[in-house]
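In the working numbering, the protein residues as written are 218 to 310.
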């Protein structure tokens with residue numbers, strides 16, 4: 218099995234995030250991270266210091282390991298991982 222290209226990863230992230238946005242209501246923001254990074258900077262504009270943040274890899278699998286979530290302001294959070302990741306995050310207040 219060959220490794221997916223960056224373009225294939227970006228397309229998978231967008232497909233999964235687009236499907237989620239169609240089914241989620243107000244008070245929810247979907248962040249797309251198409252470039253591998255250990256820190257995802259999320260401007261969600263939800264006005265919450267304690268948002269619920271769920272992170273998923275580009276295949277739509279929940280990432281529950283080695284994750285640190287830190288809320289910086291009412292509208293901005295950072296999510297950090299032990300290794301660079303691509304995927305998406307669902308932020309709710």
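Cβ coordinates follow ideal geometry from the N, Cα and C atoms, glycine included.
Around the C-beta of residue i, are 16 or more other C-beta atoms found within 10 angstroms, so that it is buried, or is it exposed?
i: residue 269; result: exposed
i: residue 260; result: exposed
i: residue 300; result: exposed
i: residue 303; result: buried
May I ask you to list the residues that DSSP assigns as paired with residue i?
i: residue 304; result: 250 and 274
What's the C-alpha gap between residue i and residue j?
i: residue 258; j: residue 280; result: 16 Å
i: residue 265; j: residue 224; result: 33 Å
i: residue 271; j: residue 245; result: 11 Å
i: residue 309; j: residue 219; result: 35 Å
i: residue 273; j: residue 251; result: 12 Å
i: residue 255; j: residue 267; result: 21 Å
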